[in-house]
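Chemist: If you read the sequences in order, they're chains A and B. Using this note's numbering, read the first sequence as starting at 49 and increasing by one per residue. Using this note's numbering, read the second sequence as starting at 3 and increasing by one per residue. Here a beta-carbon is modelled for each residue, glycine too, at the ideal position from N, C-alpha and C. None of these values were measured; they are calculated from a predicted model. Below you will find the structure I want to go over with you.
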Amino acid sequence: MGKHASALGDIRVVDLSTRLSGAFAAKLMGDHGADVVLLESCEGHPTRSEAPFLDDAPGPERSLLHAYANANKRSALLAPADGRRQSLLQVADVLVVSDRESAEAARAAASPAALVVAVTPYGLAAPEDAPGNDLTTSAVSGWALINGDEGGPPLRPTLRQSDYLAGLLAYTGTVAALVEREQSGAGQVIDVSELEPPLWMAAPTILAAAQGDAIGRGRARPGVFSGPVPTRDGYFSVTFSRPHFWTEAMHALGLEDLATDPRYLDRTVRQAEAAPLQERIEGALAQRGRWELFDALAHRRATVGVVLDMKDIATSTHLEERDVFSETVIDGRPVRTLASPCVMSGTPWRVRTPAPRLGEHTDEVLSAWLGQQLEGTR
Amino acid sequence: MTGPLVGIRIITFTQAWAGTSATELLAFLGADVIQIESRTHPDIWRGGYAGEVPPGVRDESRRQRKWNTAAAYNSVNLNKRAITLDVADERGRALFRRLVPLADVIADNFTPAVMRKWGLDYDSLRAIRPDIIAASLSAYGATGPLRDVRGIGGTLEPMSGLTSLLGYEGGRPMNSGSMIPDPIAGAWFAAAIVTAIRHRSRTGEGQYIDLGMMEATAMMAGDAVLEFTANGRVRARTGNRHPRIAPHGTYEARDGRWLALCADDEEQWRALARLIGDPTLLDAARFATQESRKLHEVDLDARIALWAGTQDAEAAEVLLLAAGVPAARVRSREELLKHPALLARGFAVEVDHPEAGRRTVAGAPWVMSRTQPEVTRPAPMLGEHSLEVFQELLDMDRGEYEELVALGISGDGPPDGQD
């Protein structure tokens, strides 16, 4: 992979992560051409054990989470006591870890110019370690507070947002530190907490609360003012955050009296009359198809969205034309995967190689990274 | 400034949240981020000129203008400098072109046609500075059938697939209580920009970044997309349930507060069961393995809910964590920056804004051992750094600046000068 002209083509990464967050950070480095070695022991990276599996048949090569989070890596299988692990750590530019003990071991083994990237539940600089994951992070960060129905159980975010976001920010911090290293030649520890990214995302709410601003209720009553509502063939979302969004949407739905009555440009008036307004708007939406509504409303400069499910995303012609997908392989089967979050004209995001089989590249990595030393010890 | 990107300059038109959250991340990392607004179109998150200073920030000892006190703007623009420069006016554009050679990155979050209309698209910028990084963020990107459609967080959440996955088991799809595609897309935008900076520092080559919020947000559902492409199954809404782990949920405590907890392995499960003190949990065959607990999670949830209903949330959290069980009470808004880890790490940081006052805000989400990102400035006031930036970068004298103010091209308040 080092041969590709890419932003990180000169960088060697050892991925010692045991959490999705760190694995995702290392994967993104691989997206940009870094030579990422997932250093595993015989039980394999924990994502290999996460459901769902290909055809629902468990197996270390069949986890779909592993397929997504460990693409663009090579796998080296070495026992914890194998001295060659240490040798790999010594020649890495970046070492990714998921806990305090591994961070300390990585620091001790790595070169002074290496970056040790730790992505942990509460951060290395926290006063004490506590067990945590996406669920508990959602409780501490305010995510659970704002998601779900009033009166119902608070909801964590979909899938593994804290992990993915922490991994993404760890990637960004690491690349920034690589830019700095070109000048200083010095390594450092980059310490990312899975708790802080979702709190960073809540910054507006937090400051609004501190300033005593009137802020909307966190958790929603069902209805068109708070989220998607049914159409003839699926769910649909309309936003009214600016006055002209309201006017345009009411015109397009044929609700002329609502479009032309200036009182309804005021959000507080709409809230006061929420029940009857909701009934009329939802009634109008229910009679039409979701894409028919999208075409009618989006082109009037209303701001609307179709609730797309995973099939819709995987088959989206828009995303296809944006070159968002790549082909990958899961246990021998070619499948389409999301690969690119944006177009980059010089260094595109790419899934170049599928997630590795456990130990698939052990010899190859030892030879490429430690060739000289290996020959010397034989 | 501190941080690994000291020496990088980003001149940006980003406003509201998505693009601006990206440039804030880069400012945390030490880049000199100069945000351009115009007096006719200040950042929409300043909340406009009309109206009063919010009651919670009123302070007679300070000069206060409403547009400088908005929590929304002030929460997502830390570490930046702000200038006003009306590039809708040709004289403003001419001045902007003089800034381009001094910038490493030009960023915007306009709909794709806007920069082209102003003659500030990538090709035009590249003609001024060949190695420029031009980064554009929009709802759907500059190409593809949806390129001209407008969108905001509330509509991109459904269009990215996330809404279809959020909700109770068997229930309707939900939008999150926040416009999460904004900061998600912003985080990807920052990642792309810093990648381009690294590429340029190795090769001397600039590039163009064209980010659609739909595709960037969808990346957070990559494993669920594979479930369709590999298994042909559309992921359903599962509330707080986990594909492998049970228990995994939120439970109402005696005091009406909610407690999130799970047991990820045998050790955590045994600790939880011992704490609950129900001998049938540890003895029952149907809870003996992770697979069987997952199979019987409805029953398991009912038992945990029963126990939670006898506990106070905060005390239960302490007990569970001490036993090694991942647990947390659901925090209220007021508690969000008070976790000891956040204080120790300097993430929760106090800033003193000249008009909005002293507050604790969410800061930089990294701790670095050698190039520590720090919050060095509160969010800027409208036009606060215009004269400073023009003097520093363009060697402009005060007379020329006053002329720009008189023309409405720069300055620091409403276009008619009333304040």
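May I have a chain-ordered list of the alpha helix (DSSP H) segments no shorter than 4 residues that lie completely inside the segment 125-180 of chain B?
Modeler: For the segment 125-180 of chain B, whole alpha helix (DSSP H) runs of length 4 or above, ordered along the chain, are 155-161, 164-167.
Chemist: Once the 5 residues before and after B:R48 are set aside, which same chain residues still bring their CB inside 7 Å of it?
Modeler: Taking the first residue of the second sequence as position 1, residue 48 of chain B is located at position 46. Within the same chain, B:R48 has close Cβ partners W69, A72, Y75, L384.
Chemist: Excluding the 5 residues preceding and the 5 following A:L125 in the sequence, name in chain order all residues of the same chain whose CB lies nearer than 8 Å to its CB.
Modeler: Walking along the first sequence from the start, residue 125 of chain A turns up at place 77. If we look at A:L125 and ignore the five residues flanking it on each side, its Cβ neighbours are E88, S89, C90, L406, G407, T410.
Chemist: In angstroms, rounded to a whole number, what distance separates the CA positions of A:G424 and A:A127?
Modeler: Here the question's residue 424 of chain A lines up with position 376 in the first sequence. Here the question's residue 127 of chain A lines up with position 79 in the first sequence. Note that A:G424 has pLDDT 47, beneath the 50 cutoff, so the model's placement of it is unreliable and no number is given.
Chemist: I'd like to confirm the pairing. Which residues does DSSP put opposite A:Q236 in its beta bridges?
Modeler: Taking the first sequence and counting its residues from 1, one reaches residue 236 of chain A at position 188. DSSP lists A:L163 as partners of A:Q236.
Chemist: Got a sec: is the Cβ-Cβ distance from B:M3 to anything in chain A below 8 Å?
Modeler: Sequence index remark: in the second sequence, residue 3 of chain B carries index 1 (1-based). Chain A, which has no Cβ nearer than 8 Å to the Cβ of B:M3, makes this no.
Chemist: Is any beta-carbon of chain A found at less than 8 Å from that of B:E357?
Modeler: By 1-based counting over the second sequence, the position of residue 357 of chain B is 355. So, not an interface residue.
Chemist: Ordered along the chain, which non-local residues of its own chain (more than five positions away) have a Cβ less than 8 Å from that of A:R338?
Modeler: Residue 338 of chain A sits at position 290 when you count from the first residue of the first sequence. Answer for A:R338: T279, R280, D281, G282, Y283, F284, V354, V355, listed in chain order.
Chemist: Nearest CA to the CA of A:G351: which residue from A:H80, A:A119, A:V85, A:H292?
Modeler: Here residue 351 of chain A is taken as the residue at index 303 of the first sequence, counted from 1. Residue identity check: residue 351 of chain A is Thr in the sequence provided, not Gly. When only C-alpha atoms are compared, the closest one is A:H292.
Chemist: Would DSSP call B:Y289 helix, strand or coil?
Modeler: Here residue 289 of chain B corresponds to residue number 287 of the second sequence, with the count starting at 1. In the sequence under discussion, the amino acid at residue 289 of chain B is Phe, which differs from the Tyr named in the question. Reduced to three states, the DSSP call for B:F289 is helix.
Chemist: For a test of the three-state rule: what should DSSP assign to B:G251, helix, strand or coil?
Modeler: Against the second sequence, residue 251 of chain B aligns to sequence position 249. In this structure, B:G251 counts as strand in the three-state DSSP scheme.
Chemist: List the endpoints of the continuous beta strand (DSSP E) containing B:Q209.
Modeler: What you label residue 209 of chain B is simply residue 207 of the second sequence in a count that begins at 1. Element bounds for B:Q209: 209-214.
Chemist: Check each residue of the segment 106-126 of chain A: if its Cβ is closer than 7 Å to any Cβ of chain B, include it; give the result in chain order.
Modeler: Hits within the stretch, in order: L112, L113, A115, Y116.
Chemist: Please work out which residues of its chain come closer than 7 Å, Cβ to Cβ, to B:L321, disregarding the five sequence neighbours upstream and downstream, and give them in chain order.
Modeler: The count along the second sequence starts at 1 and reaches residue 321 of chain B at position 319. For B:L321, where only same-chain residues beyond five positions count, the Cβ hits under 7 Å are L277.
Chemist: Since A:V329 meets chain B, which of its residues come closer than 8 Å, beta carbon to beta carbon?
Modeler: Residue 329 of chain A sits at position 281 when you count from the first residue of the first sequence. For the sequence presented, residue 329 of chain A should be read as Ile rather than Val. Neighbours of A:I329 on chain B: none; closest Cβ ~15 Å, over 8 Å.
Chemist: DSSP has B:H355 in a bridge; who is on the other side?
Modeler: One-based indexing of the second sequence puts residue 355 of chain B at position 353. Beta-bridge pairing links B:H355 to B:G359.
Chemist: Quick one: what's B:Q37 bridged to in DSSP?
Modeler: Working through the second sequence from its first residue, we reach residue 37 of chain B at position 35. According to DSSP, which records beta bridges pairwise, B:Q37 is partnered with B:T14, B:A84.
Chemist: Please determine whether the Cβ atom of B:A324 lies at a distance below 7 Å from any heavy atom of the ligand GTP.
Modeler: You won't find the ligand GTP in this model; it holds no ligand whatsoever.
Chemist: Applying a beta-carbon distance threshold of less than 9 Å, which residues of chain A neighbour B:Q209?
Modeler: The sequence position of residue 209 of chain B within the second sequence is 207, counting from 1. Going along chain A in sequence order, the residues near B:Q209 (Cβ under 9 Å) are M392, S393, G394, T395.
Chemist: In this structure, how does DSSP classify A:A250 when only helix, strand and coil are distinguished?
Modeler: Working through the first sequence from its first residue, we reach residue 250 of chain A at position 202. Note: A:A250 maps to coil in three-state DSSP.
Chemist: Just checking, does the segment 108-121 of chain B make contact with the segment 405-418 of chain B on the three C-beta pairs under 8 Å criterion?
Modeler: Touching, no, given that fewer than three Cβ pairs across the two stretches are closer than 8 Å.
Chemist: Using C-beta distances below 7 Å, list every residue in its chain close to B:T210, excluding the 5 sequence neighbours before and after it, in chain order.
Modeler: Position 208 of the second sequence, counted from the start, is the residue given in the question as residue 210 of chain B. The sequence given here has Tyr at residue 210 of chain B, not Thr. Same-chain partners within the cutoff: Y124, A136.
Chemist: First and last residue of the alpha helix (DSSP H) that includes B:T231?
Modeler: The residue labelled residue 231 of chain B in the question sits at position 229 within the second sequence. Unbroken alpha helix (DSSP H) run through B:T231: 224-233.
Chemist: Apart from the five residues just before and just after B:D414, which ones in its own chain have a Cβ nearer than 6 Å to its Cβ?
Modeler: If you number the second sequence from 1, residue 414 of chain B lands on position 412. Cβ neighbours of B:D414 beyond the five flanking positions: L384, G385.
Chemist: If you count every other CB in all the chains shown that lies within 10 Å of the CB of B:R200, and 16 or more means buried, which is it?
Modeler: Looking up residue 200 of chain B in the second sequence gives position 198. Buried, because 16 or more other Cβ atoms sit within 10 Å of the Cβ of B:R200.
Chemist: Note down the Cα distance separating A:A234 from A:T168, rounded to an integer number of angstroms.
Modeler: In the first sequence, residue 234 of chain A corresponds to position 186, counting from 1. In the first sequence, residue 168 of chain A corresponds to position 120, counting from 1. Cα to Cα, A:A234 sits roughly 23 Å from A:T168.
Chemist: Using the rule of at least 16 other Cβ atoms within 10 Å of the residue's Cβ for burial, across every protein chain shown, is B:G251 buried or exposed?
Modeler: For the purposes of this step, residue 251 of chain B is taken as the residue at position 249 of the second sequence. When all chains shown are included, B:G251 counts as buried.
Chemist: Output, in chain order, the set of chain A residues within a Cβ distance shorter than 9 Å of B:L338.
Modeler: What you label residue 338 of chain B is simply residue 336 of the second sequence in a count that begins at 1. V188, S189, G190, L193, L247, A250, T253, I254, A257, listed in chain order.
Chemist: Using a threshold of 8 Å, state whether the C-beta atoms of A:S189 and A:A251 are closer than that.
Modeler: Mapped onto the first sequence, residue 189 of chain A falls at position 141. Mapped onto the first sequence, residue 251 of chain A falls at position 203. Cβ atoms of A:S189 and A:A251: not closer than 8 Å.
Chemist: Please state whether the Cβ-Cβ distance between A:V139 and A:A151 is less than 8 Å.
Modeler: Position 91 of the first sequence holds residue 139 of chain A. Position 103 of the first sequence holds residue 151 of chain A. In this structure, A:A151 does not lie closer than 8 Å to A:V139 by Cβ.
Chemist: From the beta carbon of B:E394, is the nearest beta carbon of chain A less than 8 Å away?
Modeler: Here residue 394 of chain B corresponds to residue number 392 of the second sequence, with the count starting at 1. Closer than 8 Å: no.
Chemist: Below 8 Å on the Cβ atoms is my contact criterion, and I expect A:Y116 with A:T385 to pass it. Report the Cβ-Cβ distance as a whole number of Å.
Modeler: Mapped onto the first sequence, residue 116 of chain A falls at position 68. Mapped onto the first sequence, residue 385 of chain A falls at position 337. That belief holds up - the Cβ atoms of A:Y116 and A:T385 are roughly 7 Å apart, short of 8 Å.
Chemist: For B:S162, tell me which candidate among B:R246, B:G173, B:D184 has the shortest Cα-Cα distance.
Modeler: Here residue 162 of chain B refers to the residue found at position 160 of the second sequence. The option with the nearest alpha carbon to B:S162 is B:D184.
Chemist: Determine the chain E residues that contact A:Y170 at a beta-carbon separation under 7 Å, and present them in chain order.
Modeler: Looking at the structure shown, chain E is missing, and the protein chains on hand are A and B.
Chemist: Quick check on B:R331: buried or exposed, where buried means 16 or more other Cβ atoms within 10 Å of its Cβ?
Modeler: Within the second sequence, the letter at position 329 stands for residue 331 of chain B. Burial call: buried.
Chemist: Please state whether the Cβ-Cβ distance between A:P201 and B:N177 is less than 8 Å.
Modeler: For this step, residue 201 of chain A is matched to residue 153 along the first sequence. For this step, residue 177 of chain B is matched to residue 175 along the second sequence. Not in contact: A:P201 and B:N177 (Cβ atoms no closer than 8 Å).
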